[in-house]
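What follows is one structure encoded as structure tokens, with my remarks underneath.
Residue numbers (our numbering), protein chains in the order written: chain A, 46 to 272; chain B, 4 to 249.
Right under this line is the structure:
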């Protein structure tokens, strides 16, 4: 187990070091996510008054879009240098590589969310500080569910010719339950009177999806990655 | 106890990609302390065979045995005894030479990764460029660095795909000396190459692949290039070609 965690940590640290050097994924995903929110704001905010209950949906759609971009770019890097093969040759359980890549994607998505949430609060008057711990819990659980499936699919598609098209086509239908639970849970705490029991229910559902998705991904990563 | 082996056996291995047959019933064996040359024209199946030996690719049929084990039974321990220098060099261009080596040393769980990286950089003749990003290196420098990456953990089986690519004359001869040293230390080295001049005198055994099949190389003495040409010229064309001509 120590070796598994060590390899995951080493892979995540390497991904973040590479990203710190190029800043390619952070800049593109943050800019893309911010553009999404701005487009929605232009479309749905009239005379300073946003459409009711739209903020939660816009937050999660922007996270999903930006997350897909980050996932694609993370693995495009490994494909370009063929370094994914070198990672697969490491004398450790291959799921440790998956966990390392997943942790790297989660850090990148957390940075994107740190920009998105205040923007949603500002442009859509969402009460982001009404229940901050529930908002953080929903975002953490939802992002893990989305990124766990996304990391597996992005790794699987790394050699596919139409990977850029296939990733969202495969990823969105599978992660619909996560997006729905995230939107409904976030909407519950963005109400004028936050509905904590409802937020708790959707957060619990997200944790259930996380357990299922992460377990399935760990189980299938090695056979899917062996050509 | 650490996993190890002293004999590699490829037994009747075939690999198909859809309807295309990349390897057809290839069998060979290689003992520790041997350098085996894998020769053949482009598209002969050399890289496919190296990918199978490195466990990155599973054979469609047949098996590969590393001592008493196959890839499935040995698992991750086997990968700790394999080193692969592919046609792609498996280096991160954004990282420095030292960071690349330290990353792989940590990935392999080696003690004192910094010292290992420094030793490998000195061996590659890149100690003075250690803190420069690999993206600024020439192909030959990257090739030398990638070889050190593949050797960092002291593999028993070293698989090399076109190891002389991009190397200048001095670096090519330095690589030949290095490979001889590894052979003397008991490694099994399998090198796919088109550089028959550098391979001459280096290889202990030679196998030639054409269209996925192993050809019989004459035992007779003579320059490697001539033996290679003679083997390719006299080998019977594969069944599909014969049918095509008929």
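Where is the CB? At the ideal position from N, CA and C, for every residue including glycine. Everything numeric in this text was worked out from a predicted model, so none of it was measured.
Contact of residue 240 (chain A) with chain B by beta-carbon distance below 8 Å is absent, the smallest such distance being about 46 Å. Close CB contacts of residue 205 (chain A) within its chain, under the 8 Å cut and outside five residues either way in sequence, are with 211 (chain order). Contact between residue 104 (chain A) and residue 165 (chain A) is confirmed by a C-beta separation of about 5 Å, below the 8 Å threshold. In terms of beta-carbon proximity, residue 80 (chain B) lines the interface with chain A, with at least one pair separated by less than 9 Å. Closer than 9 Å to the CB of residue 133 (chain A) there is at least one CB belonging to chain B. DSSP places residue 49 (chain A) within a helical segment (H, G or I) once states are collapsed to three. As for any alpha helix (DSSP H) of minimum length 4 sitting wholly inside the stretch 201 to 269 of chain A, the runs are 208 to 235, ordered along the chain. Considering only beta carbons, the part of the stretch 48 to 77 of chain B lying closer than 7 Å to chain A consists of 57, 59, 60 and 61, in chain order. For residue 71 (chain A), the enclosing alpha helix (DSSP H) covers residues 69 to 89.
Along the stretch 172 to 206 of chain B, none of the residues has a CB nearer than 8 Å to a CB of chain A. The residue among A:68, A:256, A:264 and A:163 with its C-alpha nearest the C-alpha of residue 118 (chain A) is A:68. Beyond the five residues adjoining it in sequence on each side, residue 152 (chain A) comes within less than 7 Å, by CB distance, of 61 in the same chain, given in chain order. In this structure, residue 68 (chain B) sits away from residue 31 (chain B), with a CB-CB distance that is not shorter than 9 Å.
Identification of chain B residues near residue 229 (chain A) by a Cβ-Cβ cut-off of 8 Å yields none; the smallest Cβ-Cβ distance measures about 40 Å. Within the stretch 92 to 120 of chain B, contact with chain A at the beta-carbon level (separation under 9 Å) is assigned to 92, 93, 94, 95, 96, 97, 98, 102, 106, 107, 109, 110, 111 and 112.
The beta carbon of residue 97 (chain A) sits no closer than 9 Å to any beta carbon of chain B.
Counting only Cβ-Cβ distances below 8 Å, residue 83 (chain B) has contacts in chain A at 136, in chain order. The DSSP-derived three-state label of residue 60 (chain B) is coil.
Between residue 164 (chain B) and the set B:19, B:25 and B:52, the nearest pair of CA atoms involves B:52.
Taken atom to atom, the span from the alpha-carbon of residue 199 (chain B) to that of residue 210 (chain B) is near 13 Å.
In the structure shown, residue 173 (chain A) adopts coil according to DSSP, grouped into three states. Counting only Cβ-Cβ distances below 8 Å, residue 157 (chain B) has no contacts in chain A at all, with the closest Cβ about 12 Å away.
Here residue 53 (chain A) really is in contact with residue 144 (chain A); their C-beta atoms are around 4 Å apart, less than 8 Å. Taking the Cα of residue 216 (chain B) as reference, the smallest distance to any Cα among B:118, B:113, B:235 and B:205 is reached at B:235.
The beta carbon of residue 240 (chain A) sits closer than 6 Å to the beta carbons of 233 from its chain, once the five residues preceding and following it are set aside; these are given in chain order. Per the DSSP secondary-structure output, residue 40 (chain B) pairs in a beta bridge with B:194 and B:209.
With its beta carbon at least 9 Å from every one in chain A, residue 32 (chain B) lies outside the interface. Under the DSSP assignment, residue 32 (chain B) falls in the beta strand (DSSP E) whose first and last residues are 23 to 34. Listed along chain B are 95, 98, 102, 106, 109 and 110, each with a C-beta nearer than 9 Å to that of residue 59 (chain A). Contact between the stretch 79 to 97 of chain B and the stretch 149 to 157 of chain B is present, with at least three C-beta pairs closer than 8 Å. Our two residues, residue 120 (chain B) and residue 94 (chain B), have alpha carbons roughly 14 Å apart in a direct line. Inter-residue distance for residue 270 (chain A) and residue 140 (chain A) is about 10 Å (C-alpha atoms, whole angstroms). When the five nearest sequence neighbours on each side are left out, the beta carbons in the same chain lying within less than 8 Å of the beta carbon of residue 55 (chain A) are those of 145, in order along the chain.
Taking 4 residues as the minimum length, the alpha helix (DSSP H) runs contained wholly in the stretch 130 to 163 of chain B are 142 to 154, in order along the chain. With respect to the 9 Å criterion, residue 233 (chain B) and residue 38 (chain B) are not classified as neighbours on the basis of their beta carbons.
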